[in-house]
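Student: Note that full-length UniProt numbering has the sequence shown beginning at 1, numbered continuously upward.
Here a beta-carbon is modelled for each residue, glycine too, at the ideal position from N, C-alpha and C.
Please read these numbers as outputs of a predicted model, since none were measured by experiment.
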Amino acid sequence: MTKVLAVGDIHEPVAHPGYLQFCKDLQYEWGCDTVVLIGDILDNQAISFHNKNPHCPGAEDEYLLAKKKISKWTKAFSKAMVCIGNHDDRSFRIAESAGIPNRYIRDYKEVWDTPGWDWKYEHIVDEVYYFHGAGQSGIHPAWNVASKMLMPVVMGHCHSRAGVKWRANPMRRIFSVDTGCGIDIDAYQFAYGKHIKERPILSAAVILDGVPYHEIMPCGPKEKYHKSRFKKG
Numbered sequence: 001m002t003k004v005l006a007v008g009d010i011h012e013p014v015a016h017p018g019y020l021q022f023c024k025d026l027q028y029e030w031g032c033d034t035v036v037l038i039g040d041i042l043d044n045q046a047i048s049f050h051n052k053n054p055h056c057p058g059a060e061d062e063y064l065l066a067k068k069k070i071s072k073w074t075k076a077f078s079k080a081m082v083c084i085g086n087h088d089d090r091s092f093r094i095a096e097s098a099g100i101p102n103r104y105i106r107d108y109k110e111v112w113d114t115p116g117w118d119w120k121y122e123h124i125v126d127e128v129y130y131f132h133g134a135g136q137s138g139i140h141p142a143w144n145v146a147s148k149m150l151m152p153v154v155m156g157h158c159h160s161r162a163g164v165k166w167r168a169n170p171m172r173r174i175f176s177v178d179t180g181c182g183i184d185i186d187a188y189q190f191a192y193g194k195h196i197k198e199r200p201i202l203s204a205a206v207i208l209d210g211v212p213y214h215e216i217m218p219c220g221p222k223e224k225y226h227k228s229r230f231k232k233g
């Protein structure tokens, strides 16, 4: 069976500056041979359907900033499965709203120069269902999806949800994992959440021979991955 590193939402160009190193360290410590990026690789705030923060970069500048950041991820993880998230597919959704068929839009590999990344809405690895989680909510979103899919589920999307839950029957055990995320909560892109009392959980997950482990990112003051220890850019 595979040893999977499941990376949470990163929303480049505004991932937490220590999150990439955290994920690289997890891959090394656990000996992961497979990487799944759970989606919302991009923030795409400039082309959002929602109100845009005036302090954020425009569409072209955001693209250039994000591409620079993505290149660091591809350098670290040249081969990866990507679960396309609701932020990732904003370009396709905007094109669709204008009546433009998908055939006119370049695919993710070409736009982001990620030849070794397999961009799909869902992936199944060792009978575990990986997807971004768009449309899901609640206190235990992955748990809810697992009850519908009748199989183990790993998902992101809900930034303040993280951890592992189990259910079992006489024949098998089924787990559900909410990965948490890797965002920089201080970025203007997340200003919409400034009055929300539930904060994002910075974390990732490892699925080792079919057994899940949730890994919290020590990113508080004086901890290993606090943002003050990392350069911006």
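Sort out for me which residues DSSP pairs residue 98 with in a bridge.
Tutor: Here residue 98 corresponds to residue number 98 of the sequence shown, with the count starting at 1. Paired residues: none, contrary to the question.
Student: At 4 residues or longer, what runs of the alpha helix (DSSP H) sit wholly inside the UniProt domain "Calcineurin-like phosphoesterase" (3-160)?
Tutor: Listed in chain order, they are 19-30, 59-76, 90-97, 108-112 and 141-149.
Student: Apart from the five residues just before and just after residue 30, which ones in its own chain have a Cβ nearer than 6 Å to its Cβ?
Tutor: For this step, residue 30 is matched to residue 30 along the sequence shown. Here the set comprises 206.
Student: Given that a residue counts as buried once 16 or more other Cβ atoms are within 10 Å of its Cβ, and exposed if not, what is residue 132?
Tutor: Taking the first residue of the sequence shown as 1, we reach residue 132 at position 132. Buried is the call here.
Student: Does the separation of the CB atoms of residue 87 and residue 42 fall below 8 Å?
Tutor: By 1-based counting over the sequence shown, the position of residue 87 is 87. By 1-based counting over the sequence shown, the position of residue 42 is 42. A contact, by the Cβ cut-off of 8 Å.
Student: Can you list, in chain order, the residues of its chain with a C-beta nearer than 7 Å to that of residue 202? Leave out the 5 residues immediately preceding and following it.
Tutor: Here the question's residue 202 lines up with position 202 in the sequence shown. Closer than 7 Å at Cβ, skipping near neighbours: 16, 19, 180, 181, 182, 217 and 219.
Student: Taking three-plus beta-carbon pairs below 8 Å as touching, is the region 35-49 in contact with the region 118-135?
Tutor: Result yes; three or more Cβ-Cβ pairs closer than 8 Å.
Student: Tell me which residues share the same chain as residue 142 and place their Cβ nearer than 6 Å to its Cβ, disregarding the 5 neighbours each side in the sequence.
Tutor: Here residue 142 refers to the residue found at position 142 of the sequence shown. The answer, listed in chain order, is 153, 155, 176, 177 and 178.
Student: Measuring alpha carbon to alpha carbon, tell me which of 108, 118 and 60 ends up nearest residue 82.
Tutor: Translated into positions along the sequence shown, residue 82 becomes position 82. Here the closest residue by C-alpha is 118.
Student: How is residue 225 classed by DSSP in three states: helix, strand or coil?
Tutor: Mapped onto the sequence shown, residue 225 falls at position 225. Coil at residue 225, not helix or strand.
Student: Out of 212, 222 and 61, which one is the CA nearest neighbour of residue 1?
Tutor: Working through the sequence shown from its first residue, we reach residue 1 at position 1. Measuring from the Cα of residue 1, the nearest candidate turns out to be 212.
Student: Sorted by chain position, which residues of the same chain lie with C-beta nearer than 7 Å to residue 76's C-beta, five sequence neighbours on each side aside?
Tutor: Counting from 1 along the sequence shown, the entry for residue 76 is found at position 76. For residue 76, where only same-chain residues beyond five positions count, the Cβ hits under 7 Å are 20 and 24.
Student: Run through the DSSP bridge pairs and tell me what residue 219 is partnered with.
Tutor: In the sequence shown, the residue the question calls residue 219 occupies position 219. For residue 219, which the question treats as bridged, DSSP gives no partner whatsoever.
Student: If I measure Cβ to Cβ from residue 210 and keep anything under 7 Å in the same chain, skipping five residues before and after, which residues do I get?
Tutor: Numbered from its first residue, the sequence shown carries residue 210 at position 210. Cβ neighbours of residue 210 beyond the five flanking positions: 1 and 126.
Student: Per DSSP, what kind of secondary structure is residue 230 in: helix, strand or coil?
Tutor: Counting from one through the sequence shown, the residue named residue 230 turns up at place 230. Coil.
Student: Measuring straight from C-alpha to C-alpha, what distance separates residue 34 and residue 5?
Tutor: Here the question's residue 34 lines up with position 34 in the sequence shown. Here the question's residue 5 lines up with position 5 in the sequence shown. Distance between the alpha carbons of residue 34 and residue 5 is about 6 Å.
Student: Give me the residue from 136, 63 and 22 with the minimum Cα distance to residue 223.
Tutor: Walking along the sequence shown from the start, residue 223 turns up at place 223. Among 136, 63 and 22, the Cα nearest to that of residue 223 is on 22.
Student: Output the boundary residues of the beta strand (DSSP E) element that contains residue 178.
Tutor: Translated into the one-based positions of the sequence shown, residue 178 becomes position 178. Residue 178 -> beta strand (DSSP E) spans 173-179.
Student: Between residue 243 and residue 46, is the Cβ-Cβ spacing less than 8 Å?
Tutor: This structure leaves residue 243 out entirely; the chain is present only between 1 and 233.
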